[in-house]
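Only one structure is covered here, and it is reproduced in the block below.
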Amino acid sequence: MVSRQIADRGIADARLLAALRAVPREHFVPPHLRRFAYEDGPLPIAAGQTISQPYIVALMIEAAALAPDDRVLEIGTGSGYAAAVMSRLAAEIFTIERHAVLAGDARRRLAQLGYANVAVRLGDGTRGWPEAAPFDAVIVAAGGPEVPDTLRRQLRVDGRLVMPVGRRRSRQDLVRVRCRGENDFAEDVLGCVSFVPLIGAEGWPEKASKQDDDGDQACSVLE
Ligand code: SAH
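Position one of the sequence shown corresponds to residue 13 (the working numbering), numbered consecutively onward.
Laid out in structure tokens, this is it:
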């Protein structure tokens, strides 16, 4: 999977490819879906959520340019897979999940597999993790209407934030924000993606309105 689906599609960072090869994805998917663990696609997990497609995980981590001493905030722990990959590339990972069942499973799984530098918190990640801020990198694994201001402000100078942003709940641009100084942020768009919604104070409301997904147009989704 890593050679064919990830390296051949342009992910070149050797440390990242090694981390992807080292993390056993079959432990992060539901038992009845294990035979699909090394196909490069998203898979359903508990609470109606998904474990992200490995290529997209790689793309986001590469865009965040993680260094060995970095402290990283992830919003949307899900299965814990991306946190496990990042734990091999950075010093400390702080990850927040809003569903108790997912946060609990991920915490247990990461501990069992020995990823000791990952802290899992249950809550609304759009509020960030103020006591642990500032972060060298923030990865948001769910799509919101805009980049939460709270998360921007938890970046240190030179910090990078990568997040899917879009006006509809299910289709987004993958956006990278760099903090250049106080109130000075640069943004670029990496491509079109489809993530589950970011639900929270600075995300979408819990209940979808009927129009939210109307008029969905084709785009070159990174799949
Ligand atoms: N990184 C995960 C994929 C996560 S899917 C993995 O590797 O498996 C996105 C996750 O974001 C879902 O589990 C969803 O419940 C969670 N989420 C959505 N809004 C959130 C919020 N405001 N705070 C924390 N988690 C949130």
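Beta carbons: idealized from backbone N, C-alpha and C, even for Gly.
It should be emphasised that the depicted structure is a prediction, and the values quoted were computed from it without experimental measurement.
Extent of the continuous beta strand (DSSP E) run through residue i
| i | result |
| --- | --- |
| Q124 | First-last for Q124: 112-124, but that is the alpha helix (DSSP H), not the beta strand (DSSP E). |
| P209 | First-last for P209: undefined, no H or E at that position. |
| D185 | 184-193 |
| R168 | 167-177 |
With 16 other Cβ atoms within 10 Å as the buried cut-off, status of residue i
| i | result |
| --- | --- |
| D170 | exposed |
| E86 | buried |
| V201 | exposed |
| Q166 | buried |
| A230 | Residue confidence for A230 is low, a pLDDT of 49 falling below 50, so the modelled location carries little weight; the figure read from the coordinates is stated next. So A230 ends up on the exposed side. |
| S15 | exposed |
| Q184 | buried |
| G60 | exposed |
| A70 | buried |
| L28 | buried |
| P176 | buried |
Beta-carbon proximity of residue i to residue j, cut-off 8 Å
| i | j | result |
| --- | --- | --- |
| M13 | P54 | no |
| F147 | Y93 | no |
| L134 | A112 | yes |
| A102 | V130 | no |
| A95 | L78 | no |
| G156 | W216 | yes |
| V97 | L173 | no |
| T89 | A115 | yes |
| E74 | I151 | no |
| A213 | D136 | yes |
| A149 | A76 | yes |
| A154 | V205 | no |
| R192 | A220 | no |
| Y127 | S99 | yes |
| A49 | F106 | no |
| R110 | I211 | yes |
Residue span of the alpha helix (DSSP H) that contains residue i, given as start and end
| i | result |
| --- | --- |
| R164 | 161-164 |
| R27 | 26-34 |
Bridge partner(s) assigned by DSSP for residue i
| i | result |
| --- | --- |
| G155 | P209 |
| F197 | C191 |
| F40 | Answer is none; F40 lacks a bridge partner. |
| E133 | The residue you asked about is not Glu; residue 133 is Arg in the sequence shown. Paired residue(s): I108. |
| W141 | BP columns for W141 are empty, so no partner. |
| A149 | V84, R172 |
Segments assigned alpha helix (DSSP H), at least 4 residues, entirely inside the region 46-114 | 66-76, 93-99
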